[in-house]
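Chains as they are written, first to last, in the working numbering: chain A, 25 to 613; chain B, 52 to 383; chain C, 3 to 327.
The beta carbon of each residue, even a glycine, is placed where N, CA and C say it ideally should be.
Here the structure is laid out as structure tokens; the discussion comes afterwards.
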């Protein structure tokens, strides 16, 4: 009962002192080295509401592991060098310029002078040194740390003067400047104490008092309601201006509403309670398209995403595990002709049509047409052919019995289970389609939906599966983040994890090619190497590539500068530039 | 008298609906797994009587054509509905093999009484086939749950003392455990692929295990108050045995509670399969069940766009209402 | 007194058993919180195993349980891996929201259910009863998820009520009454779902048990003796018919924290449901276990209240009293 009384109090009492209008942008200072951005100039004011599937778990950039936390954190902080999501190219961030040494190992970054954190404190090289000390600290175990470690060696960072820092890499690393996007610069004056006390890992939970959450991003935290929403307000000291030298961001407030599911995101958007949807499924896109006019929204189909969905057969080394059933079937999975036959029998066009409602693209390789800089356009795109599949199986001494069931050379019935994540409706549908496709060449496929983490456990730990539908990619367009997928000893080399020695000659060749492209600085040379990797992969089909969805987003039409992109943070990457065309009225809330 | 007539009607209706499900192979125009990839989410096929050449006694349909916003009828050719046509083969009771179907139309037209699902599969056929597993599992699981509940609740309430204390403690334990977590664990201990028969018993087992505690407590409450009524004490005073007391005074008092619970549990259990499917414990694709058909409705876009996919929910409600009314009529 | 002590011991034993089984279940379930990171090719397995050991996930089960018990003894429920924060405060804010929703729904359900049940029972077999009963049968057979999604779809289209959350964006700017109204408006949809799903069961049980007692010989005798209908109902029928209702009422209390999971998730109510569901799938062990313990306490309290009420309604029921032994 006491709980209820307290609750009633919370509900009834005004929290009025928390209500204050958003701070006005600070006047520009003489010594401030601000960044001027392109794009149409907007109007100040108003708030933008975004529906999120769940709430952020932490606001600590060095410990956050989930995409939803990063979506919020990304708006609170800035990086030294930024990847412009629209052009997919790097741009000056907190570093106004940088120089690479001819051997590609040393980066000298010039920082912007005179800019301030969201609490008005100045920013300089000490903040950068502090941030990277944190990210590289083994005790913190930040997920970002692995990005900086190349061949087990960490880069060294030196402060040359208060506005110049130098990074030295142990090896040359292609496109190393892209790495800086993803390392938010932390305020030393706020976090140093907790770091010294060894309490950094616990720092900045979601319910931290807003005054302590200081950053260099376009927004700062105003208020957090557990389980409901987090309200960000304008950072008055933000370091970017628009074309007319007016300080960004335009929006007074950016509100993240925690709605629970993708369907809830759509409902809230449809009901007009939210202004923007980050990613839509094709069904929901179609649903909103029908009502587009009525609700005056701008829906955009950006074309194929960078992620790739594929079918993978378990080729892991199962010795020492009690999985005789599966290791017997590995004779098929390791047979190239078997995999090619499966690939030939898959009806990719149906996947695009029935799973993505035609808003998707069939795939025959790991790099899709969305990644224009890296796709190998010369790879063949064979049409589905049951006939070819049967030929391939016949030449690998498979036979069919009277009922049309496929048998291997020992007379065993070809039957396997296909696991996939039950929370991913698209992959579940793919499984049902594959099952039907493969039954046409006599394979019996049993679809087993599994909870996401149970699936990961089987694929990465216990190896207790036969075939799986998975998806990868979607981060950056560059090949380097994918190293561990293609290196034979990689931890994401899904068909055969962590091989001690390359199991096949073609995997050995991929190892060489990938390692070479990593240290090659010239784009054209790298492209050639990576083209060859794509070619080998499509010939050897360790993954049977299926399809990629289009990136579909939506926003109310009154949002200006809405420029969704193929890369992560699809819609909010330029939140500092978004504005409301009718800002005056919206500003009144 | 009127009640008797009502019971008779209900029994006939239930018998008919169950026979329809048992003879799904014959009544359904096609196999439940057959996909028609040109017709995803096709609406129910309309039956026509009046065509280009006037009125026909034999109804006919048109083929469906996909267009920009859905489907339209291809009016160029009429496809009359035929009865007792040959089609996909099936078996009734797993023994009687046949390939004769009650009705059908010539290809390429399709006669989809309740439209199609996401894969262009005939919803009507899936509804009938799906009823086989769902109804059997739902009813059987309810029966098991309620029997367990009746036994435990009666023993607990009638015996009292430490037995009551212990049994109710166990029921509280069962009511408070994190069953979703348990399901994750159970899945890990099962082989990768569980056969449909295995799934069937798994469903019944899991549901029965989880469900008994609530009704058991209800039964116990009733037994507790019945045991102490004056006439029961009086009968005991006259030397009536426990068994006699149970049979004549106490068990009858629990009937209405059990029947009410049954009315609630059958639909609950059929729908629960949608949850179990999420953990890989339900009837898996492409085999239909009302539970996994209902799962499609959990997507908002499906729920508001394709009314005909509500058919399994309607079937579930109608069957449950019939059982509920029968139980009610039997009670009075 | 002795009875109370016995109940207390039972409650304690139960909580221990629940916690042990929770730990066993979490051990059985495959996968761990950090598994999601395995899909990211840029994160090394070493980082993941280091993170696991930071949270003690690599320790044997018994040891983890011991640590947890120690923490509980210090009035703490452990540490959430996802939120990187103690579990108890996380649960507490959400539990309050859940209680607001469920107590409102419970009060309404019983205020509607009991009179309707008694009323239809006295009219048993008449056309009015038939109508209510048919409607009720329909309602009882519609799975809760279908009710929830149906109402939600209606709300989205009609825009008559807010469709999610607990307060609107302008909540802070409202006056005291405005705030109350705002919360009540947001309560409308989830409460409606809970009441619709729950009221039919109450009506059914009340109608059945009252109807049964109305048919009993002593009531007919009472009627023969000329006792008025109202007096008969309240003095003689209801007390005897109360038992299933009371047990059911106990369930209502017992499920105050756990019974609204589905509704909270579908309508985005910021209660325990969405938090615990997400935690279950994310394998945020201690958050799940903390939530289960929270709900178990409510369950025990609910059942205890039900037993007390059972005794109060019928003084002859005394545990350890009349016994068949």
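Check	Outcome
What is the residue span of the alpha helix (DSSP H) that residue 74 (chain C) lies within?	63 to 75
Compare the C-alpha of residue 321 (chain B) against each of B:296, B:108, B:342 and B:285 and name the closest.	B:342
Straight-line CA distance for residue 560 (chain A) to residue 530 (chain A)?	7 Å
Rounded to the nearest angstrom, how far is the Cβ of residue 140 (chain B) from that of residue 81 (chain B), given a contact under 8 Å?	Not quite, the Cβ-Cβ distance comes to about 11 Å (not below 8 Å), so this is no contact.
On the CB-based measure, 16 or more other CB atoms within 10 Å of its CB, does residue 469 (chain A) come out buried or exposed?	buried
Would residue 65 (chain C) count as contacting chain B if we go by Cβ distances under 9 Å?	no
Could you tell me whether the segment 117 to 134 of chain C touches the segment 201 to 208 of chain C, where touching means 3 or more Cβ pairs closer than 8 Å?	yes
For residue 54 (chain B), count neighbouring C-beta atoms within 10 Å of its own C-beta (all shown protein chains included) and say buried if the count is 16 or more, exposed if not.	exposed
Label residue 331 (chain B) either buried or exposed according to how many other C-beta atoms from any shown protein chain fall within 10 Å of its C-beta, with 16 as the threshold for buried.	buried
Measure the C-alpha to C-alpha separation of residue 236 (chain C) and residue 235 (chain B) and round it to an integer number of angstroms.	49 Å
What number of angstroms, rounded off, separates the C-alpha of residue 159 (chain C) from the C-alpha of residue 287 (chain A)?	14 Å
Looking at the structure shown, is residue 261 (chain A) part of a helix, part of a strand, or coil, going by DSSP?	coil
Report yes if the CB atom of residue 351 (chain B) is closer than 9 Å to the CB atom of residue 452 (chain A), and no otherwise.	no
Just checking, does the segment 158 to 171 of chain B make contact with the segment 347 to 362 of chain B on the three C-beta pairs under 8 Å criterion?	yes
Counting contacts by CB-CB distance shorter than 9 Å, is residue 5 (chain C) in contact with chain A?	no
What does a CB cutoff of less than 7 Å around residue 582 (chain A) pick up in its chain, not counting 5 residues either side in sequence?	604, 605 and 606
Do the segment 168 to 182 of chain A and the segment 510 to 524 of chain A meet, that is, are 3 or more Cβ pairs less than 8 Å apart?	no
Provide the residue span of the alpha helix (DSSP H) that contains residue 112 (chain C), from first to last.	89 to 124
For the segment 496 to 511 of chain A, which residues have a beta carbon sitting closer than 8 Å to at least one beta carbon of chain C?	496, 499, 505, 506, 507, 508 and 509
Tell me which same chain residues have a C-beta within less than 8 Å of the C-beta of residue 57 (chain C), skipping the five on either side of it?	35, 81 and 83
Measuring only between beta-carbons, confirm whether residue 367 (chain A) sits less than 9 Å from chain B.	no
Buried or exposed for residue 175 (chain B), going by 16 or more other Cβ atoms inside 10 Å?	buried
What are the residues that DSSP puts in a beta bridge with residue 133 (chain B)?	B:155
Could you check if residue 219 (chain B) is buried or exposed, using at least 16 other CB atoms within 10 Å of its CB as the buried criterion?	buried
For residue 321 (chain C), I'd like the list of residues in its chain whose CB is within less than 7 Å of its CB, leaving aside the five on either flank, ordered along the chain.	Low local confidence applies: a pLDDT of 48 at residue 321 (chain C) is under 50, so the model's placement there is unreliable, with the coordinate-based value given in what follows. Result list for residue 321 (chain C): 5, in chain order.
Quick check on DSSP: helix, strand or coil for residue 163 (chain B)?	coil
Note down, one range per segment and in chain order, each beta strand (DSSP E) of at least 3 residues found wholly within the segment 418 to 455 of chain A.	439 to 445
By the three-class DSSP mapping on this structure, what secondary structure does residue 11 (chain C) have?	helix
Determine which residues share a DSSP beta bridge with residue 99 (chain B) and list them.	B:111
Can you give me, in chain order, the residues of the segment 159 to 178 of chain B that have a beta carbon less than 9 Å from any beta carbon in chain A?	169, 170 and 171
Rounded to the nearest angstrom, how far is the Cβ of residue 263 (chain C) from that of residue 277 (chain C), given a contact under 8 Å?	That belief does not hold up - the Cβ atoms of residue 263 (chain C) and residue 277 (chain C) are roughly 10 Å apart, past 8 Å.
Quick check: the segment 97 to 111 of chain A against the segment 235 to 255 of chain A, are at least 3 beta-carbon pairs closer than 8 Å?	yes
Could you tell me whether the segment 127 to 146 of chain A touches the segment 250 to 269 of chain A, using the rule of 3 or more Cβ pairs below 8 Å?	yes
Looking at C-alpha atoms only, which residue of A:169, A:358, A:539 and A:253 is the closest neighbour of residue 93 (chain A)?	A:253
Tell me the DSSP secondary structure of residue 415 (chain A) in three-state form.	helix
Against residue 291 (chain A), what residues of chain C qualify as contacts under a CB-to-CB distance less than 8 Å, listed in chain order?	154, 158, 165 and 166
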